[in-house]
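Inspection log for the structure reproduced underneath, given as C-alpha cells.
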C-alpha cells in the first residue's frame, strides 16, 4: 500500500506567487516524521523542511512552510514568493517509528515537478 | 557539512556483469541507504544498513546485494546486471540521534546496462 502519495506529477506557478505541493501519508504509528526534499535538474537531493508528528506548530524554514493537518494525514509544502530557482522535483518522505533494531524506515513519494514561469 | 560521495556519476555496463556501486560518508552516521530513482516511481528503497555488517532489505531488493564492512562505506552490488536495472542510484546516510535528522544524499550514479 502506498504510504506517501503525491498526486500532482507536475505544476506551474508564476514567479513571485505562492504554490502548494500536496502530500498525504498513511501510517498507524503515533510517532513519525515528515520531510520535504528538493531535487534540481542537476540531481542532488536537498533537504528543505521537517515536521514531527508531535510538533504543535507547523514547521517553517524561510520561504518554505509545511501545512500539517494530522487528522487528514496531509503535510503539504507551501513555497511563498516563488523564484525561478525553485523549479525542480519535490519529494515528500515519511520516517516511521523505529523497529526493534532501532531502524527508522524512510519512504518517499513519487514527486512533483514544479516549474516557475517568469 | 555532511559529505556523501558516490564513486561514479555515470556508469555503463553490460548485461550479466557484476557491478559495484560505492558510497562513502564522512559524518560517522550509523544509517546508510541505497535507493533507485525512476521517472514516475520516485525513490524506492533497495537496502539499508543501520550499522557495520548490519543490513536489511528494502522494498525492491531482488537482484541486488550490499556490503558494509566499515561504518563509512556502503556498497551496492548488482550480482548479474540486467537491462531493467538501468536507473539512477542514490546513496544516503542519516544520523540516528534526533528524530528530525534528515537523510544526506550523494549526487547519484546514473547506471546504464546495455
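Chains as they are written, first to last, in the working numbering: chain L, 1 to 118; chain H, 1001 to 1114.
From the three backbone atoms N, C-alpha and C, an ideal C-beta is built for every residue, glycine too.
Buried or exposed, going by whether 16 or more other CB atoms sit within 10 Å of the CB of residue i?
i              : result
residue 107/L  : buried
residue 1104/H : buried
residue 86/L   : buried
residue 1029/H : buried
residue 18/L   : exposed
residue 54/L   : exposed
residue 1025/H : buried
residue 42/L   : exposed
residue 104/L  : buried
residue 1074/H : buried
residue 94/L   : buried
Measuring straight from C-alpha to C-alpha, what distance separates residue i and residue j?
i              : j              : result
residue 111/L  : residue 7/L    : 8 Å
residue 62/L   : residue 1089/H : 30 Å
residue 1098/H : residue 75/L   : 20 Å
residue 80/L   : residue 39/L   : 18 Å
residue 116/L  : residue 64/L   : 15 Å
residue 77/L   : residue 24/L   : 11 Å
residue 1079/H : residue 1021/H : 11 Å
residue 1106/H : residue 1045/H : 15 Å
residue 1006/H : residue 1072/H : 12 Å
residue 57/L   : residue 33/L   : 13 Å
residue 71/L   : residue 59/L   : 17 Å
residue 1060/H : residue 113/L  : 24 Å
residue 50/L   : residue 69/L   : 14 Å
residue 88/L   : residue 99/L   : 33 Å
residue 1082/H : residue 1031/H : 28 Å
residue 1070/H : residue 48/L   : 29 Å
residue 1010/H : residue 1087/H : 10 Å
Do we get a CB-CB distance below 9 Å when we pair residue i with the residues of chain H?
i             : result
residue 9/L   : yes
residue 44/L  : yes
residue 24/L  : no
residue 69/L  : no
residue 37/L  : yes
residue 63/L  : no
residue 115/L : no
residue 130/L : Because chain L spans 1 through 118 in this model, residue 130/L falls outside it and cannot be assessed.
residue 72/L  : no
residue 14/L  : no
Using a Cβ cut-off of 8 Å, pull out every chain L residue sitting near residue i, in sequence order please.
i              : result
residue 1100/H : 33, 50 and 52
residue 1040/H : 9 and 110
residue 1090/H : 45
Under the assumption that residue i contacts residue j (Cβ atoms under 8 Å), give the Cβ distance between them as a whole number of angstroms.
i              : j              : result
residue 1113/H : residue 1013/H : 6 Å
residue 1057/H : residue 1049/H : With 8 Å as the limit, residue 1057/H and residue 1049/H do not qualify as a contact, their Cβ atoms being about 11 Å apart.
residue 1042/H : residue 109/L  : 6 Å
residue 1102/H : residue 35/L   : 6 Å
residue 3/L    : residue 27/L   : 7 Å
Under 7 Å Cβ-Cβ, which residues of chain H neighbour residue i?
i             : result
residue 106/L : 1103
Taking C-beta pairs closer than 7 Å, name the residues in chain L that residue i reaches, listed in chain order.
i              : result
residue 1107/H : 43 and 44
residue 1189/H : Any answer about residue 1189/H is impossible in this case: the structure gives chain H only from 1001 up to 1114.
Using a Cβ-Cβ cut-off of 9 Å, state whether residue i counts as contacting chain L.
i              : result
residue 1014/H : no
residue 1033/H : yes
residue 1086/H : no
residue 1021/H : no
residue 1094/H : yes
Starting from the beta carbon of residue i, find every residue of chain H whose beta carbon is closer than 9 Å, and list them in chain order.
i            : result
residue 91/L : 1042 and 1043
So which residues on chain H does residue i lean against when the C-beta distance must stay under 8 Å?
i            : result
residue 47/L : 1102, 1103 and 1104
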